[in-house]
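First up is the structure itself, then whatever we jot down about it.
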Amino acid sequence: MEALQQLMMGFSVAVTPVNLLYCLLGTIAGTIIGALPGIGPSAGISILLPLTFGVNPTSAMIMMAGIYCGAMYGGTITSVLINVPGEASSVMTTLDGYQMALQGRAGAALGIAAIGSFIAGTVSVVLLMLVAVPLVKVALSFGPPEYFALMLMGLTTISGLAGGSALKAFLVTFLGLLVSTSGMDAFSGHPRLTFDFTELLDGVNFLVVAVGLFGIGEVLYTAEKTLKLEFVTTTIKNVWPTREDWRLSWMPITRGTFIGFIVGVLPGAGGTIASFLSYATEKKFSRHPERFGKGAIEGVAGPESANNSSTGGAMVPLLTLGIPGSGTTAIMLGALMMFGLQPGPLLFQKNPDFVWGVIASMYIGNVMLLIMNIGCIPLFVKILKIPNSLLMPLIIVFSTVGVYAVDNSLFDVGLLYVFSIVGYLMRKFDLPPAPLVLSVVLGPMVERALRQSLTMSLGSYDIFYTRPITLGLLLMAFAVILWPLIGWIRQRRRTGTAGS
Amino acid sequence: MKRAEQVLGVVLLLFAIYIGRESSLIESGAEFGMGPGFMPLWLAVGLGITSAALLVRAVVIPARLFDPAFFADRAGGVRVISLLASYLLAILLMKPLGMPLSLAILTAATMPVFGSRNWKAIALTAILTLFGVYLVFGRWLGVPLPMGVLEEILPIY
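Heads up: the protein sequence lines correspond to chains A and B, in order. If you read the first sequence in this note's numbering, its first letter stands for residue 1176, the second for the next number, and so on. If you read the second sequence in this note's numbering, its first letter stands for residue 9, the second for the next number, and so on.
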């Protein structure tokens, strides 16, 4: 009941003309960003963030949430029409979505994806509301040791679940945390790792790192690959699903919604893993698994619902605990701090209009996205035809001026280009970028919580194992660290047994 | 890529050692618990261990499991290097020529890298970049852009 009253108040914030405009801009930009291969929501938010400077934080966050949700919708368009995922969480959609397009059913694939996304996105916001309120009450009892353990768990989980090599993910996490320690120490005022650059006394701004890695770094990678997009030559018609399509899709949409939300809440998992899990689940539940990969509509409905539902899930730790679980939400957290807000349970008490305004805008955003993705698909397809020779310089220009605008510093622009090289090399060496951004954002908070905890305990480390929640979270963090090692040892043993 | 990954491991290991040495010069203890040097020192140790593991992995894993070369093809490598050179040029020109003009030059230099050969379109886009950056960021959003040689012609305030 309390949540419902707060939501009504949130709607009164979200429906103001300015906030509706930012919601619309965010959803349009997000759909375009999601549709363009190589630019994901992380890049989109970090590149467009400077446009919100001078805007009130609620409108800025509404726009960022719109981009995040919109990117999940937009990724489908490229997956279905050109067999290239617009962003990572749409990879599974290429398998059956593209096959449907080849069979002349591109409209049905895009339609069911949009409707499934709408249902999942809306339900995930309801779940976000239901979970957030009790979680905030628990989180209010957390002290610095619990926060330290929670952030450590977030960092280890995102490294453990980043996909690919866990070793590389942990390496990147250490690198990101080191970057975050650069600058003047907040407690003693001692300069650290500034390499005699006075510009580094304030530390490295997270936006420089995020835009460098996801924005200009991606431009460098695209320059090497020069992706050529080839569209399926089909007219997009019959977007509204048939009775048979509904019959086949309603359960995948339902399952995808819940899978997506749960996976979204977990740190490091996000839309990509949610869509993978959903696809695997649908194939397992199907009476005709042989249809998967050949144009099964369930293979589009489930994963697309799951990746949209994960956005609501990902907002749970961000808004209630102030701890992001992915690269995108890490950028959102950094942005909130730039706007002078401290995300966490107190945000619900101190700035209820902000929190509930953003939650309400996510409902509105999902309606806008449904209308856009049912009615304006041909328009988005046209936008996809913008050549890279125009799009890439535009990204460079926006990124450069945007980063300069944060502190009016040319040094930051130089640092941006350095991080773009780092981002390019990370792509080449298969090093995941999300843990780097997350650790740059969380690093100062981790250190502060650790030092506050030790001050509380007069320097004794007992504080970390005498408090049950802290101990539990730390054990979980260690389990995530040890898991890849155990897996590796077991694999070696198995190989050894097979060999002998 | 096997050799490249070995080089990466060595570079990161050396970086970790350097950071560790720098951090050891900062006080790592305090009255209660840890001082300013504590975190960087232990993070450098963590980075050192993981980079050493990466190096060992790159030595042990057979070469056939890596991509054959760093750049997939020569042309791709040339494009990346051209782009990096353009960034460097833009940074060097940003103060004397101003941000809008240097970004216009960067745009003109970048478009051919991505396949544009239409010089009229390149020139038009570069001019639009110059005025677009000035009007949107400088005038509308009020960002105090460095204007360099254009300061008198296109004032920000």
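Every residue, glycine too, gets a C-beta built ideally from N, C-alpha and C.
- Under DSSP, proline 1366/A forms a beta bridge with Met1359/A.
- DSSP places tyrosine 1636/A outside any alpha helix (DSSP H), giving it a letter other than H or E.
- Within the same chain, Leu1611 come within 7 Å of leucine 1350/A by CB-CB distance, once the 5 residues on both sides are set aside.
- The straight-line gap separating the alpha-carbon atoms of isoleucine 1534/A and tyrosine 1248/A is approximately 18 Å.
- For threonine 1575/A, the nearest CB of chain B lies under 8 Å from its own CB, placing it at the interface with that chain.
- DSSP, read as helix, strand or coil, puts glycine 1185/A in helix.
- At a beta-carbon threshold of 7 Å, the residues of chain A lying near tyrosine 95/B are Tyr1592, ordered along the chain.
- In this chain, the alpha helix (DSSP H) harbouring threonine 1297/A covers 1281 to 1314.
- Contact between serine 1363/A and glycine 1618/A does not hold, since their C-beta atoms are separated by about 17 Å, which reaches or exceeds 8 Å.
- Per the DSSP secondary-structure output, methionine 1275/A pairs with nothing in a beta bridge.
- When beta bridges are read from the DSSP output, glycine 1577/A appears opposite no residue.
- Alanine 1476/A is positioned such that its CB atom lies no closer than 8 Å to that of glycine 1435/A.
- At a Cβ-Cβ threshold of 8 Å, leucine 55/B and glutamine 14/B do not count as neighbours.
- What leucine 51/B touches in chain A, judged by beta-carbon distance under 7 Å, is Phe1349, Leu1352, Leu1353 and Thr1356, going in chain order.
- Taking every protein chain shown into account, the CB of asparagine 1541/A has 16 or more other CB atoms within 10 angstroms, so this residue is buried.
- One thing to note: valine 1298/A has its Cβ no nearer than 8 Å to the Cβ of valine 1491/A.
- Assignment of beta-bridge partners to methionine 42/B by DSSP yields Gly37/B.
- Scanning the region 1525 to 1593 of chain A from its first residue to its last, the whole alpha helix (DSSP H) runs of 4-plus residues come out as 1527 to 1550, 1552 to 1559 and 1563 to 1582.
- Residues of the region 63 to 89 of chain B whose Cβ lies closer than 8 Å to any Cβ of chain A, in chain order: Arg65, Phe78, Phe79, Ala80, Gly84, Gly85, Arg87 and Val88.
- Close to lysine 128/B, with beta-carbon spacing below 9 Å, lies no residue of chain A; the smallest spacing is near 13 Å.
- For glycine 1618/A, the secondary structure class from DSSP, reduced to helix, strand or coil, is helix.
- Proximity of chain A to lysine 10/B at the Cβ level (cut-off 9 Å) is not reached, the minimal Cβ distance being about 12 Å.
- For glutamine 14/B, the enclosing alpha helix (DSSP H) begins and ends at 10 to 32.
- Here asparagine 1583/A is exposed: its Cβ has fewer than 16 other Cβ atoms, across all protein chains shown, within 10 Å.
- In the three-state reduction of the DSSP assignment, aspartate 75/B falls in the coil class, being assigned neither a helical nor a strand state.
- For tyrosine 1579/A, the chain B residues whose C-beta falls within less than 8 Å of its own C-beta are Met107, Val151 and Leu153, listed in chain order.
- Arginine 1626/A belongs to the set of residues whose beta carbon lies under 8 Å from a beta carbon in chain B.
- If you check the CB distance, isoleucine 99/B and valine 1576/A do not come in under 8 Å.
- In this structure, leucine 1508/A keeps its C-beta atom at 8 Å or more from the C-beta atom of glycine 1515/A.
- When 7 Å is used as the limit between beta carbons, isoleucine 1558/A is near no residue of chain B, the shortest such separation being about 17 Å.
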